[in-house]
Amino acid sequence: MKLWSISTTVRNPERIRNFLKVLKLLEGQPFNSDNQEKYQILLIQYKFYFPTNIPTKFQKYYDNPELPIPYKVAEEIFYHQQYQDPAMRGRQSVNPINKLGFSIARERAGKIIIIELGNRFIAGDYDIGYIFFKSLLKLQFPNPWSNDFSAKYGFDVQPLVAAMHLINKVNKKSDKKGLTQTEFSLFVPSLINYKLIDEYASKVFEYREAKNKDKFVIDFAKEFYQTKNPTEKQIHNFYEYGDNIMRYFRLTKYFRVATDKFGGDWRIDLEPTRKTEIDQLLKKFSGKSLHFDTIEDYLKYISDISLPTLPSENIDNLKEIAESLVETIIQFAKENTLSFSAKEQNILETNFSKFSKEKLDNFISELRALNLELKERQTKISLINDVDKIQSIINNLKNLKIIRTFAPEQFEKIITEALKIINDEIKIKPNYPVDDSGEPISHASGSQADIECYYKSYNAICEVTLDTSNFQWVRESQPVMRHLRDFETKFSDTKNYCLFISPKIHIDTLYHFWTSIKHGYNGSPQQIIPLTTEQFAILLETLLTLIQKGKRFSHTEIEKLYKKIILKTNEVSGHSEWFSVIPQIIDEWKIKVVA
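Below you can see the structure in the form of structure tokens.
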């Protein structure tokens, strides 16, 4: 027996999108061995794939992220790898895109096609939840286009729906909602047939009651792999596949994932605010795979964005979803003593009984946005009044060992929370995609700033990175300056800053920021403030001191610090000296603020 999987090599959906954008360049051509190689070469050219063996003469293209790689150079780099089957690299790279139903690119399957769902993903103006829900709902084993997970090996499953059924059955019999990381990793990648759902629900409870859980895992592996001695790799695959599947499932927004503060350990449950939709879905779909007579029938199915027909296509079901959301929002506000604005009250009191399907879809989207706004409002109220939480954030930011355990999206989240604690912004807008509770489901894409900050007297972006290697300046300096310039152009009538935060800041990164401040980036100077996480923590320590005195500081106090750091570039001889005096500037600022 073998586990089902999506892709353990491509974890980040933004990377999937980049791979798809490159494949779009070959659309209309056959995916023969020549174009398989060409596809991989193009991935190298556009720096979406990084080979391990780079000839020294071409290292400059990787040292300078702004330096484009000519196709001929990318081609030479590709063949320098001396792959036994060069075309196979292209097939491997396209495999997850095909599997997710974004493209049709296969040898002897006609011309390369990017289907409508894939084109929407490429366009960028999309709801990531919708894209991946439609994609993963069509994922099934077996299917006529794949021999990997065939019926002769016992496969008969729509994994997304089957996992929903499994969690739903466990929830009905337990006060402990959802599945732990181990439970999900054991029982979802191995759920290869919808007929196993009831049996696996029972196994979840057997696992919970087992005194020796390690022995249970080994015994389950023996049974699944049909071997007396499962290898370490076979055991590891449960967890690797489970973590990967969770990441993709989470993108649908039909699941809620609660992580520890480091983003390492997690628990997954069905999204409560989508209960009505999930109930409708589970009533219609059992988790059994659909039957297709021919490959052509299957390809038509995955190419048609309207299929499968969802229960929510029915207008009465849509009204039920809207009613459920209104009730959920009102109940949440009541439980947390939150009040509604006049505009919000009008939304909740809308009479949607005679709405068309299109108007109902838009109304439900409006309700989801309101639900998210309330969750974020409540989170902020909790944050600014929770001294213990503020102290916890400070402790984490000052501890490099802890910071190294953060997932990128968790690091972006903790910095976002810290910025909100200051409490006088117009809006702090993280650009990572979120679930219905406001939790990040991935990190911000590379095409925009990590966090946008809007205040009465100025705006700012905040860029964060966990990268402390020698390549930090390569990966961060140019994108940060470019994001700031885009932001400056968009808000040209306002002062704009960039706060750059990292556990450690490389000297070459500082040099590029120094150059941008002193000599300009593409024609005009910028205002970039580089701080280590420990230095940023001092800002929160200062706030905590003021809170204990019954006071707070405002964004204008923060701007005074930014200005002092920027102006110091006029008084020192270089970037190293500039960075060395920043701690003194922060200390002097802190003394004045708390005086």
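Numbering (our numbering) for the sequence shown: 7 to 601. Built from N, CA and C at the ideal position, the CB exists for glycine as well.
Tell me which residues share the same chain as residue i and place their Cβ nearer than 6 Å to its Cβ, disregarding the 5 neighbours each side in the sequence.
{"i": "L550", "result": "I396"}
{"i": "I308", "result": "G107 and K144"}
{"i": "K462", "result": "none"}
{"i": "F519", "result": "I534 and P536"}
From the DSSP output, in three-state form, read off residue i for me.
{"i": "S198", "result": "According to the sequence displayed, residue 198 carries Ile and not Ser. Three-state DSSP puts I198 in coil, outside helix and strand."}
{"i": "Y52", "result": "coil"}
{"i": "F261", "result": "strand"}
{"i": "E205", "result": "helix"}
{"i": "Y527", "result": "strand"}
{"i": "P317", "result": "helix"}
{"i": "F361", "result": "coil"}
{"i": "P236", "result": "coil"}
{"i": "T356", "result": "coil"}
{"i": "P536", "result": "strand"}
{"i": "V587", "result": "helix"}
{"i": "A466", "result": "strand"}
{"i": "K433", "result": "strand"}
{"i": "I507", "result": "strand"}
{"i": "L344", "result": "coil"}
{"i": "V578", "result": "coil"}
{"i": "L9", "result": "coil"}
{"i": "L425", "result": "helix"}
{"i": "N174", "result": "helix"}
From the options, pick the residue whose C-alpha is nearest to that of residue i; which is it?
{"i": "E418", "options": "H86, F138 and P446", "result": "P446"}
{"i": "P150", "options": "K340, Q484, F298 and I308", "result": "F298"}
{"i": "S522", "options": "D271, P485 and K510", "result": "P485"}
{"i": "I335", "options": "S579, N377 and K178", "result": "N377"}
{"i": "S475", "options": "S11, I103, S498 and I513", "result": "I513"}
{"i": "S527", "options": "R491, E469, R558 and Q337", "result": "The question names Ser, yet the displayed sequence has Tyr at residue 527. Nearest of R491, E469, R558 and Q337 to Y527, Cα basis: R491."}
{"i": "E33", "options": "Y45, R23, I22 and Q286", "result": "Y45"}
{"i": "V599", "options": "N576, G580, W584 and T548", "result": "T548"}
{"i": "P589", "options": "L537, N576 and G184", "result": "L537"}
{"i": "L192", "options": "G135, W10 and P57", "result": "W10"}
{"i": "A543", "options": "V440, I592 and F108", "result": "I592"}
{"i": "N250", "options": "G444, I274 and Y77", "result": "I274"}
{"i": "M94", "options": "R112, Y568 and K105", "result": "R112"}
{"i": "I353", "options": "R374, N342 and L344", "result": "R374"}
{"i": "E122", "options": "S141, G135 and R114", "result": "S141"}
{"i": "E577", "options": "P439, G529, K524 and R558", "result": "K524"}
{"i": "R280", "options": "A216, I370, E229 and F559", "result": "I370"}
{"i": "E415", "options": "T422, K219, N391 and H449", "result": "H449"}
{"i": "R410", "options": "Q478, F222, D220 and L472", "result": "L472"}
Would residue i and residue j be called neighbours here (beta carbons separated by less than 8 Å)?
{"i": "I120", "j": "L49", "result": "no"}
{"i": "K570", "j": "V587", "result": "no"}
{"i": "E355", "j": "I327", "result": "no"}
{"i": "K363", "j": "L324", "result": "yes"}
{"i": "G96", "j": "E43", "result": "yes"}
{"i": "V100", "j": "L29", "result": "yes"}
{"i": "C468", "j": "E431", "result": "no"}
{"i": "A264", "j": "I241", "result": "no"}
{"i": "F497", "j": "I535", "result": "no"}
{"i": "M7", "j": "Q187", "result": "no"}
{"i": "P74", "j": "V480", "result": "no"}
{"i": "N429", "j": "I457", "result": "no"}
{"i": "D442", "j": "E319", "result": "no"}
{"i": "S13", "j": "K105", "result": "yes"}
Give me, in chain order, the residues of the same chain whose beta-carbon lies closer than 8 Å to that of residue i; leave out the 5 immediate sequence neighbours on both sides.
{"i": "P148", "result": "F155, S156, A157, F161, D162 and S295"}
{"i": "Y464", "result": "T500, K501, N502, Y503, H561 and E565"}
{"i": "L546", "result": "I396, I399, I400, L403, A424 and I427"}
{"i": "K289", "result": "P317"}
{"i": "N243", "result": "L9 and P195"}
{"i": "K179", "result": "A207 and F211"}
{"i": "L21", "result": "Strictly speaking, residue 21 in this sequence is Arg, with Leu absent from that position. The residues are F54."}
{"i": "S388", "result": "K395"}
{"i": "Q435", "result": "Here residue 435 turns out to be Lys, not Gln, going by the sequence shown. Counting only Cβ-Cβ distances below 8 Å, and skipping sequence neighbours, we find I457, E458, C459 and Y460."}
What residues in its chain sit with their C-beta under 7 Å from that of residue i, if we drop five residues either side in the sequence?
{"i": "N59", "result": "H86 and Q87"}
{"i": "K386", "result": "K426"}
{"i": "A339", "result": "F346 and L380"}
{"i": "F291", "result": "Q164 and V167"}
{"i": "G293", "result": "V163, Q164, V167, A168, H171, Y200 and I203"}
{"i": "Y89", "result": "R95"}
Return yes when the C-beta of residue i is under 7 Å from any heavy atom of the ligand ADP, and no when it is not.
{"i": "A129", "result": "The ligand ADP is not part of this structure, which contains no ligands at all."}
* To do: Could you name each continuous alpha helix (DSSP H) segment of 4 residues or more that falls completely within the segment 261–314, going from the start of the chain to the end?
  => 281–290 and 301–309
* Sequence ranges, alpha helix (DSSP H) only - wholly within the segment 97–162, length at least 4 -> Qualifying alpha helix (DSSP H) stretches, in chain order: 122–129 and 134–144.
* Tell me the start and end of each unbroken alpha helix (DSSP H) in the segment 23–51 that is at least 4 residues and wholly inside, in chain order. => 39–51
* Within the segment 450–496, ranges of the beta strand (DSSP E) (whole runs, at least 3 residues) -> 457–460 and 465–470
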